[in-house]
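With our numbering applied, the sequence shown covers 44 to 258.
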Amino acid sequence: MTNPAKPTAAPQAYVVLDVETTGIFPETDMITYLQAVKISNGKVIDRYCALVNPGMEISMETERLTGITNEMVADKPNIAEVLPAFLAFWGTATGVAFRVAFDVAFLRKCAQTLGLDIPNNALDIHDLAKEMLPGLTSYTSRAVAKELRVKRVHRGQVLGGADIVAKVFCKLHEMKKKATYAGGRRNESIQRSHGDGSAGMHEAARIVRGSRRTL
44 MTNPAKPTAA PQAYVVLDVE TTGIFPETDM ITYLQAVKIS NGKVIDRYCA
94 LVNPGMEISM ETERLTGITN EMVADKPNIA EVLPAFLAFW GTATGVAFRV
144 AFDVAFLRKC AQTLGLDIPN NALDIHDLAK EMLPGLTSYT SRAVAKELRV
194 KRVHRGQVLG GADIVAKVFC KLHEMKKKAT YAGGRRNESI QRSHGDGSAG
244 MHEAARIVRG SRRTL
């Protein structure tokens, strides 16, 4: 008689969010562009993107910063038409972005206006970068991408930016996994040697020496 196989946990899915807007205030500004990149097991598995007619003028300064012009969105659907599909794509995955609170604030405001709910699970890549890359003088998306040797798009070219941020997130997430695994292995080794104090000291010293050699 064979034992039934134990079910394996489904890999956690992440969705990298990119929300472009007419300005910085969710109360008065509107969304002009939505992009999402879905990641599972460290790989991109799906993408979503849509230009959005904000129903208001895009200033020349915002056009310069984002590369999104009034002409580009003039014949595009409004947020009421786009947001349901965007939220369906997001689903139950964990949303991630640099300064994710900005993206979520605009999405929540629009969702509430339409009587929709947005997922309540989000992760800030800025915080993850500070944890995994201590000592940087700046933690902007550009600075972190440069440190990780991920090529960034030029200023004023935001379309497709979530693909770049997805690469940054995958690298940081892999670093986090390795650090967590290494920490668990160290604890196991020290616990196994706990009955013999001298053995534990030798094991700890060996781990430290090995870590330094890999730096």
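We treat Cβ as the ideally placed atom computed from N, Cα and C, and that holds for glycine.
In terms of residues, what are the limits of the alpha helix (DSSP H) holding residue i?
i: Ser181; result: Counting along the chain, Ser181 falls outside any alpha helix (DSSP H), and DSSP gives it neither H nor E.
i: Arg107; result: Met103 to Thr109
i: Asn113; result: Asn113 to Val116
i: Ile122; result: Ile122 to Trp133
Excluding five sequence neighbours on each side, which residues of the same chain lie with their C-beta closer than 6 Å to the C-beta of residue i?
i: Ala208; result: Reading off the sequence shown, one finds Val at residue 208, where the question assumed Ala. Only Val59 meet the Cβ criterion.
i: Ala140; result: Leu60 and Asp146
i: Ile168; result: Val139, Phe141 and Phe212
If you drop the 5 nearest sequence neighbours on each side, which residues of the same chain put their C-beta closer than 7 Å to that of residue i?
i: Ala148; result: Pro69
i: Gly240; result: Unreliable placement is indicated for Gly240, whose pLDDT of 49 sits below 50; no coordinate value is reported for it.
i: Leu191; result: Val211 and Lys214
i: Thr105; result: Thr65 and Gly66
Could you give the first and the last residue of the continuous beta strand (DSSP E) run that contains residue i?
i: Val147; result: Where Val147 is concerned, there is no enclosing beta strand (DSSP E), although the alpha helix (DSSP H) it sits in stretches over Val143 to Thr156.
Which one or two residues does DSSP pair with residue i in a beta bridge?
i: Asp167; result: Ala140
Could you pull out every residue in the same chain whose Cβ sits closer than 8 Å to the Cβ of residue i, ignoring the five residues on either side in sequence?
i: Glu174; result: Lys219
i: Glu217; result: Gly85
Please determine if the segment 131-143 and the segment 161-179 are in contact, where contact requires at least 3 C-beta pairs separated by less than 8 Å.
yes
Touching by the beta-carbon criterion (3+ pairs, under 8 Å), the segment 74-84 and the segment 206-215
yes
Please list the segments of the beta strand (DSSP E) lying wholly inside the segment 49-96, counting only runs of 3 or more residues, in order along the chain.
Segments of the beta strand (DSSP E) lying fully in the segment 49-96: 56-64, 74-83 and 86-94.
Would you say the segment 87-101 touches the segment 121-132, given that touching needs at least three Cβ pairs under 8 Å?
yes
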